[in-house]
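First comes the structure, then the notes that go with it.
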Amino acid sequence: MVLEVALIDVTPGHEDDFAAAYATARPILAGTEGCRSVRMTRGVESPSRFVLLVEWDSVEAHDVNFRQSERFAQWRALIGPHFAGPPLVEHFVDVPA
């Protein structure tokens, strides 16, 4: 399992529109093969900053099943207009205890 972390800065004044667009777009992402869970959080100190947390079976599930599919285009068409700039996206794995 890998965790995708996307730091998304939204254009100030677009926060509510972004949240509404995310609510519409979430099923597109969540329904992708290899997607285990999806969660969006919003900054307290920086309310125009959002963090998307997605658990994937693998990096390949994210890249191939989502990013290289029509699902990504649909997702981006809904939420992308609210971006202040390109999101910063990285993948993480758990550290064994």
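With numbering that gives the first Met the number 0 applied, the sequence shown has no gaps in its numbers, which climb one by one up to 96 at the end. For every residue, glycine included, the Cβ atom is placed at its ideal position computed from N, Cα and C. Only a predicted model underlies this, so the values are computations on that prediction, with no experimental measurement involved.
Same chain, Cβ closer than 7 Å to P86, neighbours up to 5 away in sequence not counted: For the purposes of this step, residue 86 is identified with residue 87 of the sequence shown, where counting begins at 1. A5, L6, I7.
query: Of all the options V94, S57, G79, which has the alpha carbon lying nearest to the alpha carbon of T31?
result: Start at 1 with the first residue of the sequence shown, and residue 31 comes out as number 32. Of the residues V94, S57, G79, the one whose Cα lies closest to the Cα of T31 is S57.
Checklist line | Beta-carbon gap between G33 and A60 smaller than 7 Å | finding: For the purposes of this step, residue 33 is identified with residue 34 of the sequence shown, where counting begins at 1. For the purposes of this step, residue 60 is identified with residue 61 of the sequence shown, where counting begins at 1. Yes, they are a contact pair.
Practice problem: Just tell me which of W74, P11, H90 has its CA closest to the CA of R48. | Solution: Indexing the sequence shown from 1 puts residue 48 at position 49. Residue P11 is the option with its Cα nearest to R48.
| said: By the DSSP assignment, the beta strand (DSSP E) with D93 in it spans what residues? | reply: On the sequence shown, residue 93 is found 94 positions in, with the first residue counted as 1. Here D93 belongs to no beta strand (DSSP E), and DSSP marks it neither H nor E.
Review point. Should M0 be labelled buried (16 or more other beta-carbon atoms within 10 Å of its own) or exposed?
Key: Here residue 0 corresponds to residue number 1 of the sequence shown, with the count starting at 1. Flag for M0 reads exposed.
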